[in-house]
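Right, one structure below, let's go through it.
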Amino acid sequence: RLNGDKALVEYNIRFDQNQRRNLRISRAEIEAAYNLISEQELADMRKAAEHIKAFAEAQKATMRELERFETNPGIYLGHRIIPVDSCCCYVPGGSYPLYSTALMLTIPAKVAGVRRIAACSPSVKESESIDPKTLVAMDIGGADEIYAVGGAQAIAAFTYGTGQIAPVSLVVGPGNQYVTEAKRQCYGKIGIDFVAGPSEVLVMAEEGA
Numbered sequence: 080r081l082n083g084d085k086a087l088v089e090y091n092i093r094f095d096q097n098q099r100r101n102l103r104i105s106r107a108e109i110e111a112a113y114n115l116i117s118e119q120e121l122a123d124m125r126k127a128a129e130h131i132k133a134f135a136e137a138q139k140a141t142m143r144e145l146e147r148f149e150t151n152p153g154i155y156l157g158h159r160i161i162p163v164d165s166c167c168c169y170v171p172g173g174s175y176p177l178y179s180t181a182l183m184l185t186i187p188a189k190v191a192g193v194r195r196i197a198a199c200s201p202s203v204k205e206s207e208s209i210d211p212k213t214l215v216a217m218d219i220g221g222a223d224e225i226y227a228v229g230g231a232q233a234i235a236a237f238t239y240g241t242g243q244i245a246p247v248s249l250v251v252g253p254g255n256q257y258v259t260e261a262k263r264q265c266y267g268k269i270g271i272d273f274v275a276g277p278s279e280v281l282v283m284a285e286e287g288a
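Its first residue numbered 80, the sequence shown is counted upward by one per residue in the working numbering.
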């Protein structure tokens, strides 16, 4: 809140060994990312995007507005469904790129009619940019702005705003315990999806698996 972009850059250097000063991913970086993934991976992403969009549209179709419900003569009640003005889609980094998360966050936001969709993810040490698969998925999903920043500092940046990052109305997406705690503390200043706990996975297989 006090040091803005300076603090973001310092945390990027400290936690992600990322020296970049301009945190927003350029269009040239996005285009370059397309050349770093295979044609099959791109086709799979686009197919997944079609499915996610179709389901999101089906969900939206079930959400109907109620304009005029008369409870007593001359007394009317109703409700409207209005998308938030802006959101940040947080996509975790780590050992394996979660590009499916990028699709499942950005596409429903686009279908809902969110005017400004920002997305962010920690940078990869080797390139000081976002993992190319994640970057392409964010672009396919319709992100308007993409930033190479992660961790609790990213949640704070999109809550309070910095010189490079404008604040948003809602932050969605999973993260580690630090990201989760940052979302919990920022809730009220911004909206969040929920405070996620650890994932529980059970693998069942037969002897021949």
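Glycine included, every Cβ here is placed at the ideal spot set by N, Cα and C.
Please read all numbers here as calculations on a predicted model, not as lab measurements.
Using beta-carbon positions only, say whether I244 and A236 come within less than 7 Å of one another. Contact: yes.
Does the separation of the CB atoms of K189 and G221 fall below 7 Å? yes
In or out: Y155 buried (at least 16 other Cβ within 10 Å) or exposed? exposed
In terms of residue numbering, what span does the beta strand (DSSP E) encompassing R80 cover? Unbroken run through R80: none, as it is neither H nor E.
Using only the alpha-carbon positions, how far apart do Y266 and Y239 sit? 12 Å
If you draw a straight line from the C-alpha of P187 to the C-alpha of V170, how long is it? 15 Å
Quick check: is any heavy atom of the ligand SAH less than 6 Å from the C-beta of K262? Inclusion of the ligand SAH in the displayed structure is not the case, the ligand content being empty and no account of it being possible.
Contact defined as beta carbons within less than 8 Å: I believe S208 pairs with I104. What is the distance between those atoms, to the nearest angstrom? 7 Å
Using 7 Å as the threshold, is the C-beta distance between D164 and R143 below it? no
Out of curiosity, what's the CA-to-CA distance linking S117 and G287? 31 Å
So, with DSSP's three-state summary, where would you put R159? coil
Is P162 close to chain C, meaning its C-beta is less than 7 Å from at least one C-beta of that chain? Checking the listed chains, one finds no chain C in this structure; it contains a single protein chain.
Quick one: using the 10 Å Cβ neighbour count with 16 as the cut-off for buried, is S200 buried or exposed? buried
Apart from the five residues on each side of it in sequence, which residues of its chain come closer than 8 Å, Cβ to Cβ, to A275? P253, G254 and T259
Would you mind sorting V282 into buried or exposed? The rule is 16 or more other CB atoms within 10 Å of its CB. exposed
Taking the alpha helix (DSSP H) that E108 belongs to, which residues open and close that run? R106 to Y113
Could you spell out where the alpha helix (DSSP H) holding I234 opens and where it closes? G230 to Y239
Does DSSP classify F148 as helix, strand or coil? If DSSP states are grouped into helix, strand and coil, F148 belongs with the strands.
Drop a sphere of 10 angstroms on the beta-carbon of I219, count the other beta-carbons inside from all chains shown, and report buried for 16 or more, exposed for fewer. Buried is the call here.
Round the Cβ separation of Y178 and A216 to the nearest angstrom and send it over; I've been treating them as touching at under 8 Å. Contact flag correct, Cβ pair sits at about 4 Å.
Host alpha helix (DSSP H) of Y257 (start-end): Residues Q256 to C265.
Helix, strand or coil, according to DSSP, for L281 in the structure here? coil
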